[in-house]
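Take 1 as the starting number for the sequence shown in the UniProt record's numbering and just add one per residue.
Accompanying notes for the structure given below.
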Amino acid sequence: MARAVIVGCGYVGLELGRQLASDGHDVTGVRRSDDGLAAVESAGLDPARADATDPESLSSLPDADWVVFAASSGGRGADAARRVYVDGLRNVLDEYGDRESPPERLVYTSSTGVYGDHGGDWVDEETPLDPTTDKTRVLAEAERVAVEGAAEAGIDGAVARFAGLYGPDRYRLDRYLSGPVTEGYLNMVHRDDAAGAVRFLLSDEGARGTDTLLVVDDEPVAKWSFADWLADECGVARPDKRTKEDRLADGDLSEAARRRILTSKRCSNGRLRELGYEFAYPTFREGYRAAIDDYRADGGAG
């Protein structure tokens, strides 16, 4: 049995905690708020109050064999992201690296946003990073901290680079059924597989020594194709479509939104598959089935 501490035990962290606990591991979920701690307890995990941006608060956390840093900056800008992802991660590494028995493994959850634009081409773990926003540049810096900073602290550090998360409470039915849908690619991973990949990085001997893992399902899909498939499965009319040029000509876009539209890539899970991870939801077809069934059962109101 291993002792695991999940710093920022939210959407993915709670599912990860449930999976690790089902394997018999001792799991502590770290949150800042009363509501967050209640969610941790409801998931059957040990709750602990701490804030990665407050080094003193981290001293109360239990020792751990495995630490997962899955904290969120709350969707705010680059400065807030730096305080959480870079400074907060360093605080956690400083705290655990100074302990008599430091963790053997740390996993930091990052984003495929660090790749930037590749014109729809495939990317993998060997593709050079080219973050295009202040926030994604912060994420790339945090990845370096997770690997190099962890090594300096005597900890085996790894990065799980997530594609777009979806799953319970985060399906995008309204967005894609209502339209209009702007062209581009979707790279997705179900919440349960995002958690499962981190669990794999922590516990599978074959994954040890892996410092970066792209966590995405088997099939990146064109947004127009996905929207049409979803509409057909839900039994509704296919939504209107827009080209990138049409959307960019609207003139109501923020600079961040423009960059998102212009950023295109397809993410490969080849390394994750080669290491032996088995997906619960290999593609969006399996992953969206529960949401589609609920939508049809509710008469289109789901």
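Backbone N, C-alpha and C define an ideal beta-carbon position, used for all residues, glycine too.
According to DSSP, is residue i helix, strand or coil?
i: Pro47; result: strand
i: Phe69; result: strand
i: Leu129; result: coil
i: Asp156; result: strand
i: Ser33; result: coil
i: residue 303; result: In the structure as shown, the chain begins at 1 and stops at 302. Residue 303 is therefore absent and cannot be evaluated.
i: Phe279; result: coil
i: Tyr288; result: coil
i: Ala249; result: coil
i: Tyr171; result: coil
i: Asp294; result: helix
i: Val147; result: helix
i: Ser203; result: helix
i: Asp23; result: coil
i: residue 303; result: Given that the chain is displayed from residue 1 to residue 302, the structure contains no residue 303 and the question cannot be resolved.
i: Asp54; result: coil
i: Glu95; result: helix
i: Glu255; result: helix
i: Ser42; result: helix
i: Gly10; result: coil
i: Glu15; result: helix
i: residue 331; result: As displayed, the chain neither begins before 1 nor continues past 302, which places residue 331 out of reach and without an answer.
Can you name the residues that DSSP bridges to residue i?
i: Lys241; result: Val181
i: Cys267; result: Val123
i: Tyr166; result: His190
i: Val5; result: Thr28, Val67
i: Ala222; result: Tyr185
i: Tyr108; result: Phe69, Val159
i: Leu214; result: Arg161
So, at 6 Å on beta carbons, what are the nonlocal neighbours of residue i in its own chain, with the 5 sequence-adjacent residues on each side left out?
i: Val159; result: Tyr108, Ser110, Glu143, Ala146, Thr212
i: His118; result: Lys265
i: Thr136; result: Gly113, Val114
i: Phe279; result: Asp193
i: Ile155; result: Pro102, Pro103, Leu106
i: Gly179; result: Pro239, Asp240
i: Ser268; result: Trp122, Asp124
Please go through the same chain and pick out, in chain order, the residues whose beta-carbon is closer than 8 Å to the beta-carbon of residue i, but skip the five residues on each side of it.
i: Ala4; result: Gly17, Leu20, His25, Asp26, Val27, Thr28, Ala64, Asp65, Trp66, Val67, Val68, Leu202
i: Ala222; result: Glu183, Gly184, Tyr185, Leu186
i: Val12; result: Ala70, Thr109, Phe162, Leu165, Arg191, Ala194, Ala195, Val198
i: Ala151; result: Gly157
i: Asp121; result: Lys265, Arg266
i: Leu139; result: Ala81, Tyr85, Ser110, Ser111, Gly113, Val114, Pro131
i: Cys234; result: Leu173, Leu177, Ile292, Tyr295, Arg296, Gly300
i: Asp94; result: Pro55, Ala153
i: Thr210; result: Ala158, Leu201, Arg271, Leu275
So, under 8 Å CB-CB, residue i and residue j are touching, yes? Tell me the CB distance rounded to an integer number of Å.
i: Pro220; j: Ala153; result: The pair is not a contact, with the Cβ atoms about 35 Å apart (cut-off 8 Å).
i: Pro282; j: Asp217; result: 6 Å
i: Asp130; j: Gly116; result: 3 Å
i: Lys241; j: Trp224; result: 5 Å
i: Leu14; j: Ala43; result: 5 Å
i: Arg76; j: Arg49; result: Actually they do not touch by this definition, with Cβ atoms about 21 Å apart.
Quick one: residues in its chain with C-beta nearer than 7 Å to the C-beta of residue i, no 5 flanking neighbours on either side, listed in chain order?
i: Arg247; result: Thr182, Ile261
i: Val92; result: Val7, Ala52, Leu58, Val67, Phe69
i: Tyr176; result: Phe226, Ala227, Leu230, Pro239
i: Arg99; result: Asp63
i: Phe200; result: Ala207, Tyr277
i: Ala237; result: Ala231
i: Met1; result: Gly24, His25, Asp26
Does any heavy atom of the ligand FAD sit closer than 7 Å to the C-beta of residue i?
i: Trp224; result: No copy of the ligand FAD occurs in the structure displayed, which carries no ligand at all.
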